[in-house]
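Take a look at the structure set out below.
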Amino acid sequence: MSRTIFDDINDEISSRNAEAEAKRHVMVNLRPGQKTAAMIELLLRMKKNLSRSSSEGRSGSASSLIAGDLPEKIATYVVSSPKAAEIIRRATETVLKESDGQLGEGSALSILAEVGLLKVETPADRRRAAQMAEIKLKLFGKLQEGAE
Amino acid sequence: MSQTQSPSEPQDRFVIEIDEERLAELPKRALPLATSVNDKFNIRIRKEDVVVLDAIAEAESTSRADVLNRIVQQTLLAQLQKLEGIDTRLAVALGADSLAGYEALEAPWAHDVLSGFIGQLIDDIQEHGGARVSEIQPDEDLNKYLATLEDPEERDRAKGHSETYFHYSQRIKEALK
Chain A
1 MSRTIFDDIN DEISSRNAEA EAKRHVMVNL RPGQKTAAMI ELLLRMKKNL
51 SRSSSEGRSG SASSLIAGDL PEKIATYVVS SPKAAEIIRR ATETVLKESD
101 GQLGEGSALS ILAEVGLLKV ETPADRRRAA QMAEIKLKLF GKLQEGAE
Chain B
149 MSQTQSPSEP QDRFVIEIDE ERLAELPKRA LPLATSVNDK FNIRIRKEDV
199 VVLDAIAEAE STSRADVLNR IVQQTLLAQL QKLEGIDTRL AVALGADSLA
249 GYEALEAPWA HDVLSGFIGQ LIDDIQEHGG ARVSEIQPDE DLNKYLATLE
299 DPEERDRAKG HSETYFHYSQ RIKEALK
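Structure representation (structure tokens):
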């Protein structure tokens, strides 16, 4: 089947999403102790052998082993700290200042928000809430007038 | 006894004697096998999550690297604990332990995997003055049957290991070659 213009546009969207996603990440150097290094080494070797025996090309980086689980584990680690509230407040303030007032989807803070441990109200949220209240008032007022 | 003299004038010279024969007889700990294990990795992390790591480090008076190391170790242990069967989990743990040269106080992965059993062992010793595990009698019929099997894999199957265990054992063997 030949490619359509929609396929090309969809590819362009995917590529832009991937670029935006890449910009939201940084590479952090990890120098673990021998225990952690040994487990990573074993899993990477097992993964490398698997990719040799299958036709799929799998990447053999430490990120590919751990990165997917990290936000959840960071959230769990924060919650278990005696200073959890202080950490969450400090991190949320920094993130909101640096971003456009939104918590990134799938991040440790957004997980805390999803489970109700953190609530963020931005000026945009407040403006929206005020607009909604105004619309409701107008609508309710008209309904009341109609009933009278 | 080996003797070493410092290369100074006789009046300042000191002499060191070491009983190398007796030293060689004393039990030795394993040397770290740092050469075989890569200990530098790059991890791709969301910028927002790095902010959280820094906030933890600041609140707990430690470094980002220390916090990240602990979280990575917990992440790996959680993944290990999700594997089917204690025998499979232990096989992977022992595989990683065989690559590591541990510092005296660092618990091997095998201890982490068996922490539930070790807790039970501690409770047994405190409550009953001994470990019930050690009182289990060996199954003589099973042992006699196992002795008739030549193939190690067949022996393991007769002991009740799962298919998952065999699959992982094979992968671990290949990885450790």
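Chains as they are written, first to last, in the working numbering: chain A, 1 to 148; chain B, 149 to 325.
Heads up, the beta-carbon is just placed ideally off N, CA and C, and yes, glycines get one too.
Check: Return the first residue and the last residue of the beta strand (DSSP E) that residue 165 of chain B is part of.; Outcome: 163-166
Check: In this structure, how does DSSP classify residue 57 of chain A when only helix, strand and coil are distinguished?; Outcome: Unreliable positioning characterises residue 57 of chain A in this predicted model, as indicated by a pLDDT of 47, which lies under 50. A coordinate reading is not provided.
Check: For residue 27 of chain A and residue 291 of chain B, what's the separation of their Cα atoms in angstroms?; Outcome: 53 Å
Check: Work out the CA separation of residue 108 of chain A and residue 215 of chain B for me, nearest whole Å.; Outcome: 14 Å
Check: Counting contacts by CB-CB distance shorter than 7 Å, is residue 38 of chain A in contact with chain B?; Outcome: yes
Check: Can you tell me where the alpha helix (DSSP H) with residue 28 of chain A in it begins and where it stops?; Outcome: From DSSP, residue 28 of chain A is part of no alpha helix (DSSP H) but of the beta strand (DSSP E) over 25-30.
Check: Let me see if you follow: with CB-CB separation under 7 Å, is residue 311 of chain B close to chain A or not?; Outcome: no
Check: Could you give the distance in angstroms between the alpha-carbon of residue 64 of chain A and the alpha-carbon of residue 218 of chain B?; Outcome: 18 Å
Check: Any beta-carbon of chain B closer than 7 Å to the one on residue 42 of chain A?; Outcome: yes
Check: Within 7 Å of any Cβ in chain B, is that where the Cβ of residue 11 of chain A sits?; Outcome: no
Check: Which of helix, strand or coil does DSSP assign to residue 160 of chain B?; Outcome: coil
Check: My understanding is that residue 110 of chain B touches residue 49 of chain A, with C-beta atoms under 8 Å, so please give their C-beta distance in whole angstroms.; Outcome: Within the shown structure, residues of chain B are numbered from 149 to 325, placing residue 110 of chain B beyond reach of any answer.
Check: At the level of alpha carbons, what is the spacing between residue 90 of chain A and residue 203 of chain B?; Outcome: 6 Å
Check: Is the CB-CB distance between residue 242 of chain B and residue 258 of chain B below 7 Å?; Outcome: yes
Check: Considering only their Cβ atoms, is the gap separating residue 220 of chain B from residue 237 of chain B smaller than 7 Å?; Outcome: no
Check: Pairs of beta-carbons, one from the segment 187-198 of chain B and one from the segment 12-32 of chain A, closer than 8 Å: are there three or more?; Outcome: yes
Check: Can you give, in chain order, each stretch of the alpha helix (DSSP H) that sits fully within the segment 199-280 of chain B and has at least 4 residues?; Outcome: 212-229, 234-247, 257-261 and 263-276
Check: Can you tell me which residues form a DSSP beta bridge with residue 150 of chain B?; Outcome: B:166
Check: So what's residue 3 of chain A in DSSP terms, helix, strand or just coil?; Outcome: coil
Check: So which residues of chain A does residue 229 of chain B contact, with C-beta pairs closer than 7 Å?; Outcome: Result: empty, since nearest Cβ-Cβ is about 12 Å, beyond 7 Å.
Check: Just the C-alpha distance for residue 282 of chain B and residue 276 of chain B, rounded to the nearest angstrom, thanks.; Outcome: Note that residue 282 of chain B has pLDDT 49, beneath the 50 cutoff, so the model's placement of it is unreliable and no number is given.
Check: Does the beta carbon of residue 219 of chain B come closer than 7 Å to any beta carbon on chain A?; Outcome: yes
Check: Go to residue 291 of chain B, then tell me how far its alpha helix (DSSP H) extends in each direction, as first and last residue.; Outcome: 288-296
Check: What residues of chain B sit near residue 119 of chain A, judged by a beta carbon separation below 9 Å?; Outcome: What residue 119 of chain A touches in chain B: nothing, since even the nearest Cβ is about 17 Å away.
Check: With DSSP collapsed to three states, give me the class of residue 49 of chain A.; Outcome: helix
Check: Can you check whether the C-beta of residue 63 of chain A is within less than 7 Å of a C-beta belonging to chain B?; Outcome: yes
Check: Whole-angstrom Cβ separation of residue 337 of chain B and residue 151 of chain B, contact assumed at under 8 Å?; Outcome: An answer regarding residue 337 of chain B cannot be provided, because it is not within the stretch 149 to 325 covered by chain B.
Check: One question on the structure: do residue 233 of chain B and residue 310 of chain B come within less than 7 Å of each other, judged by their Cβ atoms?; Outcome: yes
Check: Please check if any C-beta of chain A sits within less than 7 Å of the C-beta of residue 232 of chain B.; Outcome: no
Check: Taking only three categories from DSSP, how would you classify residue 186 of chain B?; Outcome: coil
Check: Below 9 Å between beta carbons is the criterion; list the residues of the segment 182-205 of chain B that meet it against any residue of chain A, in chain order.; Outcome: 182, 184, 185, 186, 187, 188, 189, 190, 191, 192, 193, 194, 195, 196, 197, 198, 199, 200, 201, 202, 203 and 204
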